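K.L.:
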Amino acid sequence: MPELPEVETTRRGIEPHLVGQIINSIQVRQPKLRWPVPDCLQTLCGQKILKVTRRAKYLLIDTNAGSALVHLGMSGSLRLVEHDEPPAFHDHVDMVLDQKTLRFTDPRRFGCWLYVEPNQTHSLLEKLGPEPLTEAFEAVGFYTQLRKTTRGIKQAIMDNHIVVGVGNIYANEALFLSGIHPLRQANRISKPRVEKLCNAIKTVLGKAIQQGGTTLKDFVGGDGQPGYFQQQLAVYGRAGQPCLKCQTTLKEVRVGGRSTVYCHQCQR
DNA sequence: AAAGACACCTGGGAGC
DNA sequence: TGCTCCCAGGTGTCTT
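Numbering (the working numbering), first residue to last: 1398 to 1665.
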């Protein structure tokens, strides 16, 4: 579920229900997430939520007494439920607000709930590269970064030091859109093609956010309408099927253990 | 300093 | 029907 568009969609979905609300309690049923949920998270109880922001795939729920730093991992989701809705097996954390309860579900427990002190940054956020949908991510800087590595381009764009938020699905899609072979050495791609890739990343992620997070299966917020996960992925999950541009059969290889699908005709 | 392997977990589907 | 194996949207940390 959660690639950057899903995280941003989650943020937009929960924010209106969170801002201005008081955190009445935080119930941790399963503290063993990616890292143990720290006791100091309780510092936030009694505080008013000021805003909900996102950095890479991390969500920050800000108060005057610090922030909750939440990551959805591979299988996490956040949604708003009524106070009396009984928790299911994988509902590990509840943030009880005035009107509703923000509930964190995560079967694989790769997600996290951490505490950040006021006016501090967390070490997890320190070494992150630029946000792909901002001007901080642009072709010149991107090209400079790519010149420094001989890795395949797919691995490079999935590296958080180079650009954040490009997960496996959208890495595949952006490379198809820009006509670049996923295994091509990052430092051997011409400037114009890097520019094209830069734009493709922005386009793919931006479109996915517009659609409400393409791969999301369950939504957050009261108005969780189904249907946005049935979308048009050009290559991901389509190995063996014809390329949408040239009908060549799409190939699949494993890159760093991740499924990688591409058209060997369109992508060079 | 950079790149690859490994780690953390559960659930679902394929294959036998 | 039931067991085993493999795969899945992430990413920090350890090992070369």
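Glycine residues also receive a C-beta, built at the ideal position from the N, C-alpha and C atoms. Here the structure is a predicted model, which is why all the values come from computation and not from measurement.
Between which two residues does the alpha helix (DSSP H) holding residue 1605 run?
P.N.:
1588-1607
K.L.:
For residue 1575, name the three-state secondary structure that DSSP assigns.
P.N.:
helix
K.L.:
Please name the residue or residues paired with residue 1445 in a DSSP beta bridge.
P.N.:
1419
K.L.:
Would you tell me roughly how many angstroms separate the C-alpha atoms of residue 1476 and residue 1512, rounded to the nearest one?
P.N.:
The alpha-carbon separation between residue 1476 and residue 1512 amounts to approximately 20 angstroms.
K.L.:
Go through the stretch 1446-1477 residue by residue and report every complete run of the beta strand (DSSP E) that reaches 3 residues or more, in order.
P.N.:
Secondary structure in the stretch 1446-1477: the beta strand (DSSP E) runs of 3 residues or longer, each lying completely within the stretch, are 1448-1452, 1455-1460, 1463-1468 in chain order.
K.L.:
Report buried or exposed for residue 1653, applying the criterion of at least 16 other Cβ atoms within 10 angstroms of its Cβ.
P.N.:
exposed
K.L.:
Taking 8 angstroms as the cut-off, decide whether the C-beta atoms of residue 1598 and residue 1631 are in contact.
P.N.:
No. Outside cutoff.
K.L.:
Is it true that the CB of residue 1525 sits closer than 8 angstroms to the CB of residue 1453?
P.N.:
yes
K.L.:
According to DSSP, simplified to helix, strand and coil, what is residue 1436?
P.N.:
helix
K.L.:
With residue 1544 as the anchor, note down where its alpha helix (DSSP H) starts and where it stops.
P.N.:
Segment 1536-1544, the alpha helix (DSSP H) holding residue 1544.
K.L.:
Under DSSP, the beta strand (DSSP E) around residue 1528 begins and ends at which residues?
P.N.:
No beta strand (DSSP E) holds residue 1528; DSSP gives it neither H nor E.
K.L.:
Are at least three pairs of beta-carbons, each pair with one atom in the stretch 1407-1419 and one in the stretch 1528-1544, less than 8 angstroms apart?
P.N.:
no
K.L.:
What did DSSP end up calling residue 1624 once you bin it into helix, strand or coil?
P.N.:
The predicted position of residue 1624 is uncertain, since its pLDDT is 42 and thus under 50; no value can be drawn from it.
K.L.:
May I have the straight-line CA-CA distance separating residue 1497 from residue 1506, to the nearest angstrom?
P.N.:
Whole-angstrom Cα-Cα distance: 23 angstroms.
K.L.:
Candidates 1516, 1436, 1490: which alpha carbon is nearest residue 1504's?
P.N.:
Answer by Cα proximity: 1490.
K.L.:
Among 1608, 1549, 1488, 1557, whose alpha-carbon lies nearest the alpha-carbon of residue 1521?
P.N.:
1557
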